[in-house]
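Protein chains in written order, with our numbering: chain A, 82 to 426; chain B, 5 to 385.
For glycine and all other residues, C-beta sits at the position ideal for the given N, C-alpha and C.
#1: Which two residues bound the contiguous beta strand (DSSP E) that contains residue 195 of chain B?
#2: Reducing DSSP to helix, strand and coil, say where residue 426 of chain A ends up.
#3: When the Cα atoms are used, what is the spatial distance from residue 310 of chain B to residue 101 of chain B?
#4: Taking only the alpha-carbon atoms, compute the straight-line gap between residue 373 of chain B and residue 190 of chain B and give it to the nearest angstrom.
#5: Helix, strand or coil, according to DSSP, for residue 67 of chain B in the structure here?
#6: Using a Cβ-Cβ distance cut-off of 8 Å, determine whether residue 223 of chain B contacts chain A.
#7: List the DSSP bridge partners of residue 359 of chain B.
#8: Name, please, each residue of chain A whose Cβ falls closer than 8 Å to the Cβ of residue 207 of chain B.
#9: Need the endpoints of the alpha helix (DSSP H) that residue 263 of chain A sits in, please.
#10: My understanding is that residue 130 of chain A touches residue 374 of chain A, with C-beta atoms under 8 Å, so please give their C-beta distance in whole angstroms.
#11: Which whole-angstrom value describes the C-beta separation of residue 32 of chain B and residue 80 of chain B, a residue pair presumed to lie in contact below a C-beta threshold of 8 Å?
#12: Nearest CA to the CA of residue 268 of chain B: which residue from B/106, B/149, B/62, B/236?
#13: For a minimum of 4 consecutive residues, which ranges assigned as the alpha helix (DSSP H) are wholly contained in the segment 154 to 186 of chain B?
#14: Exposed or buried, which one is residue 107 of chain B when buried takes at least 16 other CB atoms within 10 Å?
#15: Give the residues of chain B in contact with residue 250 of chain A, contact being defined as C-beta atoms less than 8 Å apart.
#16: What is the DSSP secondary structure of residue 377 of chain B, counted as helix, strand or coil?
#17: Cβ of residue 253 of chain B within 8 Å of Cβ of residue 220 of chain B?
#18: Between the C-alpha atoms of residue 242 of chain B and residue 270 of chain B, what's the straight-line distance to the nearest angstrom?
#19: Since residue 228 of chain B meets chain A, which of its residues come closer than 8 Å, beta carbon to beta carbon?
#20: Which one or two residues does DSSP pair with residue 32 of chain B in a beta bridge?
#21: With a threshold of 7 Å on Cβ separation, who are the neighbours of residue 52 of chain B within its own chain once the five nearest residues in sequence on each side are excluded?
#22: Can you check the segment 271 to 299 of chain A for any beta strand (DSSP E) of at least 3 residues that lies completely inside it and give the ranges in chain order?
#23: My output table needs one value for residue 93 of chain A: the three-state DSSP class, helix, strand or coil.
#24: Using a Cβ-Cβ cutoff of less than 8 Å, which residues in the same chain neighbour residue 133 of chain A once the five nearest sequence positions on both sides are dropped?
#25: Thinking just about the alpha-carbon of each residue, which of B/114, B/337, B/235, B/162 is nearest to the one in residue 213 of chain B?
#26: Which stretch, first to last residue, makes up the alpha helix (DSSP H) that contains residue 400 of chain A?
#27: Roughly how far, in whole angstroms, is the beta-carbon of residue 310 of chain A from the beta-carbon of residue 113 of chain A, given that I think they are within contact range, below 8 Å?
#28: Smallest Cα separation from residue 352 of chain B: which of B/170, B/184, B/314?
#29: Using the C-alpha atoms, what's the distance from residue 317 of chain B back to residue 22 of chain B?
#30: Name the chain B residues whose beta carbon is nearer than 7 Å to that of residue 398 of chain A?
#31: 8 Å is my cut-off, CB to CB: does residue 256 of chain B come that close to chain A?
#32: Please name the residue in A/379, A/160, A/407, A/403 whose C-alpha comes closest to that of residue 175 of chain A.
#33: Are there 16 or more other CB atoms within 10 angstroms of the CB of residue 146 of chain B, so buried, or fewer, so exposed?
#34: In the segment 277 to 298 of chain A, which residues sit with their C-beta less than 9 Å from some C-beta in chain B, listed in chain order?
#35: Which whole-angstrom value describes the C-beta separation of residue 188 of chain B and residue 208 of chain B, a residue pair presumed to lie in contact below a C-beta threshold of 8 Å?
#36: Strictly under 8 Å for the Cβ-Cβ distance: is residue 128 of chain A near chain B by that measure?
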């Protein structure tokens with residue numbers, strides 16, 4: 082291996098690592114706030130990319146039916162609850178959020194020329210269709226059992242994952258798609274070349290990470306999420322709604338997932354079931370961070386990216402084995418160094 | 005009195021129902037899971053089939069095995085135990101089909117697989133007596149590639165394939181024929197269907213300076229190494245396998261696939277076959293039927309394997325119907341014998357000539373070399 086190959090592999094590892102890092106951050110966020118190990122995180126990657134591809138083909142994205150259905154279910158559940166507690170004045174807002182918004186989106190998407198829109202508008206519409214899935218899934222699958230032990234939440238996650246994979250096949254079909262790059266072409270750096278899309282991925286990942294940092298450090302909602310992560314009961318006593326915190330963290334997770342999908346779909350072919358493996362590698366990163374530390378999780382995810390890239394050069398048949406075996410020494414090291422203070426249940 | 009009448013009526017009705025016994029066909033396809041892109045066109049094909057064979061009604065029982073071996077075996081057991089099928093068609097993929105062989109042999113029910121591996125029907129032993137298959141062997145396809153390579157003066161090749169049964173199977177088959185043709189394999193790499201990057205493998209291949217690269221993948225995932233090779237400035241020949249022969253591959257791979265060679269069943273280029281080719285008419289029949297129902301350009305070679313399986317059954321059933329009634333053990337045995345005796349049957353993928361030692365029955369007419377030109381499949385003359 083000469084210097085140039087090492088450089089190219091490093092660049093490849095960094096690109097993939099940046100995506101894994103975003104997903105690792107989303108996983109840590111969801112786990113810290115709701116104690117859910119969010120296995121379906123990767124599905125948002127596939128849903129985001131494939132929804133964008135459908136929009137660009139001028140087709141009405143089938144993901145729309147899912148938010149309509151989930152929205153209706155959430156409206157019925159929340160509506161019944163509000164009526165039972167005699168809080169009928171909450172109804173208009175409930176219906177607006179869960180039903181009117183998806184319906185309006187449907188009306189909008191059905192009446193404009195989707196394929197002719199500029200890329201930025203297509204990306205915005207994709208996010209508008211995919212991101213509401215996050216809070217809706219939280220409302221329907223996790224909110225009723227928010228106080229359940231971690232293991233039960235994990236089992237529900239597996240179920241949600243399987244359902245989303247099945248729906249993905251139904252919505253998008255078995256074949257993969259690619260979307261055009263944000264900026265076509267490559268940058269010549271003398272000894273090596275760099276695709277513009279790679280630069281986009283690195284730049285946007287960095288911006289998202291800084292934005293998340295600012296959100297948690299400065300905004301009141303970010304602080305509320307941190308408070309919930311630190312101490313649920315304490316946060317509730319301070320007037321922070323844990324339901325709101327859960328929904329918000331799932332919204333962020335869906336946003337990060339869908340955006341990651343949109344970022345990588347120009348450089349690789351994505352399938353309805355591609356998200357799982359990508360999410361799983363983000364999860365390895367999150368594990369390195371002990372599902373608690375954001376910077377360590379991001380660094381761990383970058384490590385996964387590099388390891389994957391270099392092992393694909395040296396021993397491509399064993400690449401996944403090498404990447405996922407990483408988890409064993411990490412767990413060993415963590416269990417030897419950390420004191421047991423996690424769960425009191 | 006009334007009772008007697010009823011019994012008389014029942015007795016009269018009994019032979020009538022026996023005479024009308026349907027031919028029951030149990031079909032298991034991988035319409036979901038990793039092999040869905042193969043299984044879905046097969047499933048669609050079963051919806052296009054005629055409802056009768058030789059005047060006898062055909063009852064299709066179609067189940068999905070989700071590309072899962074255990075489910076495929078469960079489906080096969082259900083077919084023989086509950087549905088009492090006369091013949092099993094399936095499954096889409098090799099591991100599932102291999103596992104179903106035992107069930108079919110034990111129940112003495114003929115089985116027609118739509119999966120590629122030679123091992124499903126070869127050697128024909130006590131169990132495989134009952135098993136037939138419709139897709140070409142990988143060996144047939146790999147000799148077509150090695151022949152084309154020799155003609156184009158290729159001495160050194162690099163291989164990159166799926167890290168599963170398909171990729172390993174091709175690596176193994178191709179290593180054999182490459183040795184015969186004195187083609188050196190300078191790099192042997194693997195990648196996963198779900199991988200987002202193959203940069204490492206591709207850099208290693210380019211560093212080995214091969215004259216040609218063979219990509220052993222199926223469906224749209226096989227486009228990833230090809231796109232990566234082009235992106236890194238690889239200029240040599242690229243070969244794909246018949247696993248990519250559907251239009252989604254052309255859509256995903258786009259201009260990076262121009263000039264790619266692959267072996268495929270003649271059905272892929274049915275309209276371009278010379279008029280004297282015995283396969284032309286039967287292949288066009290399938291393409292016409294499928295595209296009539298699903299739109300132009302929707303046809304794939306995978307669905308044609310399902311079509312061929314039914315054609316085989318259609319050719320064999322009349323002889324078996326003369327010997328016994330559907331639903332009986334004797335009928336299944338007669339059907340097996342008749343399947344083994346099918347001669348000169350042109351279908352979408354070639355011409356079947358079954359024999360007691362060959363339960364595939366395809367010859368060189370079952371494959372053509374195809375080149376991708378202008379985003380379409382072109383027959384290489």
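Reading it off the structure:
#1: On the second chain, position 191 is the one that residue 195 of chain B refers to. From DSSP, the beta strand (DSSP E) with residue 195 of chain B extends over 188 to 195.
#2: As a position in the first chain, residue 426 of chain A is number 345, starting the count at 1. Residue confidence for residue 426 of chain A is low, a pLDDT of 42 falling below 50, so the modelled location carries little weight; the figure read from the coordinates is stated next. Of the three classes helix, strand and coil, the one that applies to residue 426 of chain A here is coil, per DSSP.
#3: Taking the second chain and counting its residues from 1, one reaches residue 310 of chain B at position 306. Taking the second chain and counting its residues from 1, one reaches residue 101 of chain B at position 97. Near 14 Å, if we compare the C-alpha coordinates of residue 101 of chain B and residue 310 of chain B.
#4: Locating residue 373 of chain B in the second chain gives position 369, counting from the first residue. Locating residue 190 of chain B in the second chain gives position 186, counting from the first residue. Looking at the two C-alpha atoms, the distance is approximately 24 Å.
#5: The residue given as residue 67 of chain B occupies position 63 in the second chain. Note: residue 67 of chain B maps to strand in three-state DSSP.
#6: Locating residue 223 of chain B in the second chain gives position 219, where the first residue counts as 1. Answer yes: the Cβ-Cβ gap between residue 223 of chain B and chain A drops below 8 Å somewhere.
#7: Mapped onto the second chain, residue 359 of chain B falls at position 355. In DSSP, residue 359 of chain B forms a bridge with B/362.
#8: Your numbering for residue 207 of chain B matches position 203 in the second chain. Those are 86, 89, 90, 394, listed as they occur along chain A.
#9: For the purposes of this step, residue 263 of chain A is taken as residue 182 along the first chain, with counting starting at 1. Careful: residue 263 of chain A lies outside any alpha helix (DSSP H) and carries neither H nor E.
#10: In the first chain, the residue the question calls residue 130 of chain A occupies position 49. In the first chain, the residue the question calls residue 374 of chain A occupies position 293. Rounded, the Cβ-Cβ distance is 29 Å, inconsistent with contact.
#11: Taking the second chain and counting its residues from 1, the one referred to as residue 32 of chain B is at position 28. Taking the second chain and counting its residues from 1, the one referred to as residue 80 of chain B is at position 76. Residue 32 of chain B to residue 80 of chain B, Cβ: 7 Å. Contact.
#12: For this step, residue 268 of chain B is matched to residue 264 along the second chain. Comparing Cα-Cα distances from residue 268 of chain B to each of B/106, B/149, B/62, B/236, the minimum goes to B/149.
#13: 169 to 184
#14: Locating residue 107 of chain B in the second chain gives position 103, counting from the first residue. The residue in question, residue 107 of chain B, is buried, as its Cβ has 16 or more Cβ neighbours within 10 Å.
#15: Your numbering for residue 250 of chain A matches position 169 in the first chain. The contacting residues are 36, 40.
#16: Residue numbering aside, residue 377 of chain B sits at position 373 when the second chain is read from its first letter. Reduced to three states, the DSSP call for residue 377 of chain B is strand.
#17: For the purposes of this step, residue 253 of chain B is taken as the residue at position 249 of the second chain. For the purposes of this step, residue 220 of chain B is taken as the residue at position 216 of the second chain. No, the Cβ-Cβ distance between residue 253 of chain B and residue 220 of chain B is not below 8 Å.
#18: Along the second chain, one-based indexing puts residue 242 of chain B at 238. Along the second chain, one-based indexing puts residue 270 of chain B at 266. Distance between the alpha carbons of residue 242 of chain B and residue 270 of chain B is about 20 Å.
#19: One-based indexing of the second chain puts residue 228 of chain B at position 224. Neighbours of residue 228 of chain B on chain A, chain order: 349, 350.
#20: Numbered from its first residue, the second chain carries residue 32 of chain B at position 28. For residue 32 of chain B, which the question treats as bridged, DSSP gives the partners B/67, B/94.
#21: Numbered from 1 along the second chain, position 48 holds the residue referred to as residue 52 of chain B. Taken in chain order, the residues that qualify are 293, 294, 297.
#22: 274 to 276
#23: Along the first chain, read from residue 1 onward, the residue named residue 93 of chain A stands at position 12. Of the three classes helix, strand and coil, the one that applies to residue 93 of chain A here is helix, per DSSP.
#24: As a working note, residue 133 of chain A is residue 52 in the first chain. Result list for residue 133 of chain A: 203, 204, 207, 260, 342, 343, 346, in chain order.
#25: As a position in the second chain, residue 213 of chain B is number 209, starting the count at 1. When only C-alpha atoms are compared, the closest one is B/162.
#26: Locating residue 400 of chain A in the first chain gives position 319, where the first residue counts as 1. Its alpha helix (DSSP H) spans residues 400 to 406.
#27: Against the first chain, residue 310 of chain A aligns to sequence position 229. Against the first chain, residue 113 of chain A aligns to sequence position 32. Going by Cβ atoms, the distance from residue 310 of chain A to residue 113 of chain A rounds to 4 Å, so yes, they are a contact pair.
#28: Counting from one through the second chain, the residue named residue 352 of chain B turns up at place 348. Cα-wise, what sits closest to residue 352 of chain B is B/314.
#29: The sequence position of residue 22 of chain B within the second chain is 18, counting from 1. The sequence position of residue 317 of chain B within the second chain is 313, counting from 1. The predicted model places residue 22 of chain B with a pLDDT of 45, which falls under 50 and marks its position as unreliable; any figure quoted below should be read in that light. Straight-line Cα distance between these residues: approximately 21 Å.
#30: Along the first chain, read from residue 1 onward, the residue named residue 398 of chain A stands at position 317. Those are 167, 194, listed as they occur along chain B.
#31: Here residue 256 of chain B refers to the residue found at position 252 when the second chain is read from its first residue. By this cut-off, residue 256 of chain B is an interface position.
#32: Residue mapping note: residue 175 of chain A aligns to position 94 of the first chain, counting from 1. Checking every option, the nearest Cα to that of residue 175 of chain A belongs to A/160.
#33: Counted from its first residue, the second chain places residue 146 of chain B at position 142. Per the 10 Å Cβ criterion, buried.
#34: none
#35: Here the question's residue 188 of chain B lines up with position 184 in the second chain. Here the question's residue 208 of chain B lines up with position 204 in the second chain. Not confirmed; about 16 Å, so no contact.
#36: Position 47 of the first chain, counted from the start, is the residue given in the question as residue 128 of chain A. Answer no: the Cβ-Cβ gap between residue 128 of chain A and chain B never drops below 8 Å.
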